[in-house]
Structure formats: structure tokens, C-alpha cells
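Going down the list, the sequences are from chains E and U. Count the first sequence with the numbering used here and you get residues 1343 to 1637, in order. Count the second sequence with the numbering used here and you get residues 1464 to 1716, in order. Glycine included, C-beta positions come from ideal geometry on N, C-alpha and C. In what follows, a single structure is set out as C-alpha cells and then discussed.
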Amino acid sequence: MTAIVEAQGLTKRFGKVTAVNDVTFTLDEGAIHGLLGRNGAGKTTLMHVMTGQDFATEGHVRIFGESPVENAAVLGRTCFIKESQVYPDDFRGKHVLRAARWFYPHWNDALAQRLVDTFQAPLDRKMKKMSRGQRSAVGVIVALASRAELTFLDEPYAGLDAVARKHFYDLLLEDYLEHPRTFVLSTHLIDEAAPLLQRVLVIDKGELVIDADADSLRATATTLVGKASDVERFAAGREVLDRTAIGAIASVTLTGLSEQDKREAASAGLETTPVSLQELIVRRTGGAVTEEVSA
Amino acid sequence: MNAIATRSPNATTPQRLLNVVRLHVANPFPTLVAPWLITFVIFGLNLAVWNIVAQAAGGVENLDADAFQYNGGILWIVVFMMVVGVQAMSLTFPFALGFAVTRRDFFWGSALYFVLLTVLYSTGLTALAWLERATDGWGIGGAFFQPFGALEESLNVVWFLFFAAMLLFFFVGAAVSAVWVRWRANGLYVFFIALAALIVGGLWVVGQLDAWAQIGEFFSTTSATAIAAWTLPVTAVSAIVGYLLLRRATSKG
């Protein structure tokens, strides 16, 4: 795959605060990327810099091989939807969609209409009078119907209820399969979005801590469940990410088990279960505290 | 509505500027409809008051000929244009940035929109001024669309006065608002303190030079047209300053 976004030593400081610290990565053309991390980790800032809405303090970012800053040619191929989007006073939902048609060259009216129906977006209502969920719905409609080559979504579905979020994931995947393009989704609803993600980038306190293919990331850890004594014997000398015990039954999450290791575990009477992306990321980004409390 | 040209991924600069103009009127009501409605309401109220006064006096002929000719009600629209300029930067700018518009395209597209709106309103108001003259001041010698003595000027001058005033207020509003977009509240504190210092300093200098008489003379001997023309360089400087401020502005604080 070719790189659609390249960031090299990217740093963004706001006064004394370093929001993004020396981050280097590339994003694959045609993939769905998850940009994950806790609130305040730097996800939104990173997206602002990638779309030229904010300026890097150090380092550089290229999209479609060019700097995004004030670059109409490459920005016209992107769409960035964020929860904090500001709308002109008195703009109603229908005005947002009307304007979207002018700015997104691949805008699809039929898809937009279908999304409006699915999310029951109240287009006649003023944006500032809409509920958080309704504003989210308008954002999601623009993000999908714009069919931009490179689409960034910064928690725009956070206000949607569970049913609407399910519709969003399904429609995103459906439209992605028909019109393959590149997505970057930031979310903290990791488990929900996990099935969509092909690449995962995790940032924590401004640093890029994980940049991996989603499948290989899942394979980096395994949870074993069994009798406490068997579990302890197997875990001895291995890197333990997490450990819980309920009565005589214990479970451990271990990193880097080979197929050979898994066979040994099975013969030791332990059950192997895959680790969810969410658990894995929580543990790598400051989940240690809760881990100790629950242990 | 969907011109094929604007759907090309590589829209040319004029197309992109026109898209920004369209963005400003995506909701046409606030800037294309409401100002006229409000103007007609204010005008209607003035007309009603004039008629009440004329009736109380027992007829227009019992009043001075210029009794209803010194009116500034229409100038609300000039202030309104400043508000439009402010909101264009403070609200439409972050929205446009979110729609992948560059700052350059946004600012100059907005400037084009300001000019078009100014031409539209100057022309519309001048047409009403013409009607006002043709009907002998709506039958009672009133002057609403020709504020503060503009009655004596030609209609061309009336047009130019509206044009220069609205354009100035658009770009000054946009520039001050760009200070806010760029540096938020702190920027405005510094700006208004500096502005106040500049005005007080200017007054002091005039006082020192004992030049009040000359200033009074300038305004009494210079024609309205010339004064209006003097605003054009100020407008142009405001436009350039506004662009320079916006060029490095972001959509958040």
C-alpha cells in the first residue's frame, strides 16, 4: 500500500503544553485507521495538523505527498468531521448539507438522503438548537456522503445512541466496500469500532505508543484461564499484562505467545481466549492503576 | 445548483472563491432577506410618525419644508454590515476551515461577498432614494433613504456614500473579528487599549498643534464624496490586515 499521510517528527506545542510530541508515522491509502487514546492524548490536535487547520511546531506532515497547509488542491480531497465543529449562526441542518455539495467534489446526494432517513436528522432545525446526537448525525452524514478520498472523523458519533452508532458502523463499512477510500477514526469506544479497524495508532500524552496492524496487535497478547495453580505455573517467567482471580479460577494476560506456547498452555489445561483491542490499549495507556485495584 | 465545474476535485481559484460566496448565502435569510424586512419596518414607522406630525400640524404646508429631511434611520444597515463582517470571521471561518477551505480562499471569497453585498444594498437603497425623490418624499417631503442632507447630492453620490460606508464597515468588522479569531479575548484587550491610546494620543496632538479649526474646516469644505473616497484606502488596509491576521489563525482558541 502507498502512504496517503506521512508525518515526520511532528510536534505541536501550545505554550508550555506539548500536545503532540515527535510523532512519526504513515497511513495507508485505502485503509480504515483507528486513532485511539484517552481524552486529551492529542488525537484532535493531530487531526487538526494533518488537515492544515493547525500548524506544526516542529516536523512536518504530508497528505497526498504535499503539505496540507493552505493547499487547496490536497485539502479538496479531504473531509474532516469533528464533534466541536462550529456552524454559522442560524444555519440549519439543510444549509450544512447544501454547502457540503459545493465543497466536496465526490458528494453523493442519494447517499446523503439515505443517511438522513437512517439517522432521522432534523434538517429544518437550527444547528445550535440540535441535541448533541442530532449534531453528530449531521456530521456523520457529511463524512460519509462526501466520499472524500481521505476522511477524518474525530469522535463525531460520540453523541449518537447505540442503535445509531451501529447504523453508522454498518453504513461506513458498506460504503467503504463499494467505494474504497481512506478513513481515520478517533474514538474511545474502542471495542465497538474494533471490527472496522485495519490499522491502529494509539497516542498517549502526545506520544505515539502503538502503531500496528489491528490483527497483529490482537495477536500480541493472549488471555489464559484455568485453575489458579496451573495458571501461575505457566505464567512464571513470562511478561504478564493482567492478572485476575476469582476463587480457585485465575486468568492472566500474557504478551507474545507463540503457537508452540499456546499448545503447551492447552495441554496444561488452560483455555486461551483472544484479548480485545480495548483491553490491550487500556493496559498500555495507563490502565495499570485500575489493574492493581481490581487484582 | 450543481454546476459540473464546481464538482471537479481541482476547482480553479475563481470557482473556489465563488463557493465561499455561496457558503455565505447558503442560508439567504439573515443577509439577503432580513435587512430589507427590517428596513421596511423602520421606514414604515418613520412614515407613520411623519404623517401623525403632519396631521397634528394641520397639513404638511404648515411645517418647514425640511422638517422630515434630517433622518439617520437607514444607517442601521451600515452597522448591520459590520455585524455581518464580524460573524463571517468568527463563525463562518471555522466552519469553512472544517469544510477543507483554505484561509486564503475563505478570506478573499468573503471579501468578494462583502463587495457583492455592498453593491446590492447600495443599488437597492439608491433606487429607493430615487423613488423617494420621484414621489416628492412619499407625498410629505420626507427623506428616509437619503440620510443627513444627502438629499442635496446627486443619486450617483448617494450610491457612492452608501457603497463606501458599507464597504468600510464590512472590512473593519472583519479585521477586528480576525483579531478575535487569531488571539481570542487577549487580542481584543490589546487591540482596544491600543485603539483608545491612539485616539487619545491623536486628540492630544491636535490640541498641541492647536489644529481644531483646521480639522473643522476640512470637514466643512471637503465634499461628502471626497470624504467617502478617503475611506477607501482605510477599507483596503483593513482588508489586508484582516487577511494577514487570518492567514495564521486556527479554528480553535
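{"Item": "How many Å lie between Asn1363 of chain E and Glu1348 of chain E at the Cα?", "Value": "15 angstroms"}
{"Item": "So is Ser1714 of chain U in contact with chain E if we call contact Cβ pairs under 8 angstroms?", "Value": "yes"}
{"Item": "Determine the closest residue to Ala1563 of chain U out of E:Ala1587, E:Gly1568 and E:Lys1424, with distance taken between C-alpha atoms.", "Value": "E:Lys1424"}
{"Item": "What's the gap between the Cα of Thr1469 of chain U and the Cα of Glu1412 of chain E?", "Value": "Model confidence at Thr1469 of chain U stands at a pLDDT of 43, short of 50, so the residue's coordinates are unreliable and nothing is read from them."}
{"Item": "Just by C-beta distance, which residues in the stretch 1609-1640 of chain U are closer than 7 angstroms to chain E?", "Value": "none"}
{"Item": "Return the residue from the list U:Val1549, U:Ile1603 and U:Ala1489 that minimises the CA-CA distance to Pro1438 of chain E.", "Value": "The question names Pro, yet the displayed sequence has Val at residue 1438 of chain E. If we check each option's Cα against that of Val1438 of chain E, U:Ala1489 comes out closest."}
{"Item": "Hey, quick one: how far does the beta strand (DSSP E) through Pro1616 of chain E stretch, first residue to last?", "Value": "Glu1613 to Pro1616"}
{"Item": "Measuring only the C-alpha atoms, how far is Val1635 of chain U from Ser1473 of chain E?", "Value": "35 angstroms"}
{"Item": "For Asp1431 of chain E, would you say it is in contact with chain U, using Cβ-to-Cβ distances shorter than 8 angstroms as the test?", "Value": "yes"}
{"Item": "Identify, in the order they occur along the chain, each residue of the same chain with its Cβ nearer than 8 angstroms to the Cβ of Thr1360 of chain E, setting aside the five sequence neighbours on each side.", "Value": "Thr1353, Lys1354 and Gly1548"}
{"Item": "Taking Leu1566 of chain E and Ser1593 of chain E to be in contact with their CB atoms under 8 angstroms, please state how far apart those CB atoms are, rounded to whole angstroms.", "Value": "6 angstroms"}
{"Item": "Which residue marks the beginning of the beta strand (DSSP E) containing Ala1563 of chain E, and which one marks its end?", "Value": "Ala1563 to Lys1569"}
{"Item": "Apply the 10 Å Cβ neighbour rule to Glu1606 of chain E and answer buried if 16 or more other Cβ atoms are within range, or exposed otherwise.", "Value": "exposed"}
{"Item": "Anything in chain U within Cβ reach of Leu1417 of chain E, meaning under 7 angstroms, just list it in chain order.", "Value": "Ala1563 and Thr1565"}
{"Item": "Nearest CA to the CA of Pro1537 of chain E: which residue from E:Val1551, E:His1521, E:Leu1543 and E:Asp1512?", "Value": "E:Asp1512"}
{"Item": "Output the distance between the C-alpha atoms of Lys1569 of chain E and Leu1596 of chain E, rounded to the nearest integer angstrom.", "Value": "16 angstroms"}
{"Item": "Counting along the chain, where does the alpha helix (DSSP H) carrying Val1431 of chain U start and finish?", "Value": "The shown model of chain U, from 1464 to 1716, leaves out residue 1431 of chain U, and the question about it has no answer."}
{"Item": "Report the partner residues of Lys1354 of chain E according to the DSSP bridge assignment.", "Value": "E:Val1362"}
{"Item": "With C-beta atoms as the reference, is Ala1691 of chain U less than 8 angstroms away from Phe1623 of chain U?", "Value": "yes"}
{"Item": "Between the alpha carbons of Ala1487 of chain E and His1375 of chain E, how many angstroms are there, rounded?", "Value": "19 angstroms"}
{"Item": "Quick check: the Cα distance between Leu1465 of chain E and Ala1479 of chain E, rounded to an integer number of angstroms?", "Value": "10 angstroms"}
{"Item": "Roughly how many angstroms lie between the CA atoms of Leu1559 of chain E and Ile1532 of chain E, to the nearest whole one?", "Value": "13 angstroms"}
{"Item": "Could you name the residues of chain U that Thr1420 of chain E contacts, counting a contact when the two beta carbons are closer than 9 angstroms?", "Value": "Ala1563"}
{"Item": "To the nearest angstrom, how far is the alpha carbon of Trp1499 of chain U from that of Phe1625 of chain U?", "Value": "15 angstroms"}
{"Item": "Which residues bound the alpha helix (DSSP H) around Leu1486 of chain U?", "Value": "Thr1476 to His1487"}
{"Item": "According to DSSP, which residues form a beta bridge with His1375 of chain E?", "Value": "E:Val1526 and E:Arg1541"}
{"Item": "Using C-beta distances below 6 angstroms, list every residue in its chain close to Met1552 of chain U, excluding the 5 sequence neighbours before and after it, in chain order.", "Value": "Ala1637, Ser1640, Ala1641 and Val1644"}
{"Item": "So what does Thr1493 of chain E bridge to, in DSSP terms?", "Value": "E:Cys1421 and E:Phe1525"}
{"Item": "Report yes if the C-beta distance between Phe1367 of chain E and Asp1553 of chain E is below 8 angstroms; otherwise report no.", "Value": "yes"}
{"Item": "Name, please, each residue of chain E whose Cβ falls closer than 8 angstroms to the Cβ of Leu1560 of chain U.", "Value": "Gln1395"}
{"Item": "So what does DSSP say about His1402 of chain E, is it helix, strand or coil?", "Value": "strand"}
{"Item": "At what residues does the alpha helix (DSSP H) containing Ser1593 of chain E begin and finish?", "Value": "That residue, Ser1593 of chain E, is in no alpha helix (DSSP H); its beta strand (DSSP E) goes Ile1591 to Thr1597."}
{"Item": "Flag this pair as yes or no: are the beta carbons of Ala1556 of chain E and Gln1540 of chain E separated by less than 8 angstroms?", "Value": "yes"}
{"Item": "At the level of alpha carbons, what is the spacing between Leu1550 of chain E and Lys1604 of chain E?", "Value": "30 angstroms"}
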